[in-house]
Amino acid sequence: MTNVHWPLDSGRAAFLKGCKDALGVPAAVLFAGMMGFGALCHSVGLSAWAAAGTTIFMFALPGQVVFAEMVATGASGLVIGVAAMLTATRFMPMTLALLPQIPLNRRGRWLYGAVHFLSMTSWAIAMRDFPKLDPVHRGPYFAGLGLVCWLCSIPGTVLGYLLAGEVPLAITLALVFLNPLFFLLSFTEVRPRANRLAIGLGAAIGPLTYLAAPNASLFSAGLIGGSLAYLLNRLMRS
Amino acid sequence: MTELVALVVAALGTYLWRCLGVAFSGRVNIESEFFRWIACVSYAMVAGLVVRIIVLPVGLLAQVPTPLRLLACGVALALMVWPHPRWGGLVPGLLAGSLVIALASLAL
């Protein structure tokens, strides 16, 4: 392969490289974001096990925030679950944009497990760094990256829940803000023009569709903004 | 009980999208126009979500006034793209942005 910046000896080395890359800014940002979420759960009266359970079994912060807010408003379990599910729509296109970069003969049933550990954080890093890796090492790298991100999030949630009330509001707010800020900053590292256009258009359309239809907003912002960006890029290419 | 039902439905509903992505990814050719399109759709979705969280937050962040949230983003973005070896980049950007939020909320 051309342009492989990170020569690695084995799948095991790639897995460990993924773990190591997670244990820095990404894990710190996720840990902080999950602490903020734990504090939010405590403030709206969610039980500690439900707070930790959403991190373990959902592992999708925006959906978890919707979950906590809706439990607080007294919505029914089914309505809350479906609302959280709608915010997770993004995982399908995210997965479809990421996994085909792993060679077909290196993909297997293990991906059905590994994909649970996919978050916006690990996705943003994998999308940026997959081109630097030999394609055969992308799978194990992704597995290590996701697993460590998930493992760090669980104690983050619990700690945030336990410390809620002890920590000044200013600190909690700063922690909650770190997560969206991390994604905002990581967008500046996206290089392909089509994807940059998609970020710009999605950012412009997202809040508008949210005001029009909160539950379907991600889906519509993604489809409209993404398709416009794709078409615009094709026009600019020709 | 509400929490348990909500958690089971939300967890299965979240996993469903991940699972569908894996199931269909085997049919996607990396050289195809579909792959380029789906990458655009996923970036637009994530960007839309992030900007919505910053501009129209639900929960705790709504307590910080919008102009101050935008100021924090502006400061962080400026540091992120500043090529200074020590004061530019991701970590200074993150620290400065969250510092603005912390200072802003002290004044609340």
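Going line by line, the protein sequences match chains V and B. Take 1 as the starting number for the first sequence in our numbering and just add one per residue. Take 1 as the starting number for the second sequence in our numbering and just add one per residue. We treat Cβ as the ideally placed atom computed from N, Cα and C, and that holds for glycine.
Item                                                                                                                                                                          : Value
Let me confirm a value: residue 26/B is counted as buried when at least 16 other C-beta atoms fall within 10 Å, else exposed. Which label applies?                            : exposed
Just checking: is the beta-carbon of residue 226/V within a distance shorter than 8 Å of some beta-carbon in chain B?                                                         : yes
From this set, 230/V, 218/V, 237/V, 169/V, which residue's C-alpha is nearest residue 85/V's C-alpha?                                                                         : 218/V
Consult DSSP for residue 58/V and reduce its assignment to one of helix, strand or coil.                                                                                      : coil
Contact defined as beta carbons within less than 8 Å: I believe residue 96/V pairs with residue 21/B. What is the distance between those atoms, to the nearest angstrom?      : 5 Å
From the beta carbon of residue 75/B, is the nearest beta carbon of chain V less than 8 Å away?                                                                               : no
For residue 104/B, collect the residues of the same chain with a Cβ closer than 7 Å to its Cβ; drop the 5 residues on either side in sequence, then sort them by chain order. : 64, 68
Quick one: grab the DSSP three-state call for residue 36/B.                                                                                                                   : helix
Under 8 Å by Cβ, that's how I've got residue 57/V and residue 11/B pegged, so tell me the actual separation to the nearest angstrom.                                          : 4 Å
How is residue 128/V classed by DSSP in three states: helix, strand or coil?                                                                                                  : helix
Measuring alpha carbon to alpha carbon, tell me which of 69/V, 108/V, 124/V ends up nearest residue 21/V.                                                                     : 124/V
Report yes or no: do the segment 129–146 of chain V and the segment 98–114 of chain V share at least 3 C-beta pairs separated by less than 8 Å?                               : yes
I need the DSSP call for residue 1/V, collapsed to helix, strand or coil.                                                                                                     : Annotation note: pLDDT 44 at residue 1/V (below 50); position unreliable, no value reported.
DSSP three-state call for residue 172/V: helix, strand or coil?                                                                                                               : helix
Would you tell me roughly how many angstroms separate the C-alpha atoms of residue 47/V and residue 85/B, rounded to the nearest one?                                         : 45 Å
Strictly under 8 Å for the Cβ-Cβ distance: is residue 11/B near chain V by that measure?                                                                                      : yes
Is residue 8/B helix, strand or coil by DSSP?                                                                                                                                 : helix
Looking at chain V, is there any beta carbon in it that lies within less than 8 Å of the beta carbon of residue 102/B?                                                        : yes
Could you check what DSSP says for residue 29/B in three-state terms: helix, strand or coil?                                                                                  : coil
At what residues does the alpha helix (DSSP H) containing residue 42/V begin and finish?                                                                                      : 25–44
Secondary structure at residue 116/V, three-state DSSP: helix, strand or coil?                                                                                                : helix
Got a sec, what are the start and stop residues for the alpha helix (DSSP H) residue 76/B sits in?                                                                            : 66–81
Put residue 89/V into one of helix, strand or coil per three-state DSSP.                                                                                                      : coil
Answer yes or no: does any C-beta atom of chain V fall closer than 8 Å to that of residue 72/B?                                                                               : yes
Assuming residue 114/V and residue 146/V form a contact by the criterion Cβ under 8 Å, report the distance between their Cβ atoms to the nearest whole angstrom.              : 6 Å
Do you know offhand how far residue 102/B's Cα is from residue 91/B's?                                                                                                        : 16 Å
Have a look at 51/V, 43/V, 34/V, 4/V and flag the residue whose alpha-carbon is nearest the alpha-carbon of residue 7/B.                                                      : 51/V
Assign residue 105/V to one of two classes, buried (16 or more other C-beta atoms within 10 Å of its C-beta) or exposed (fewer than that).                                    : exposed
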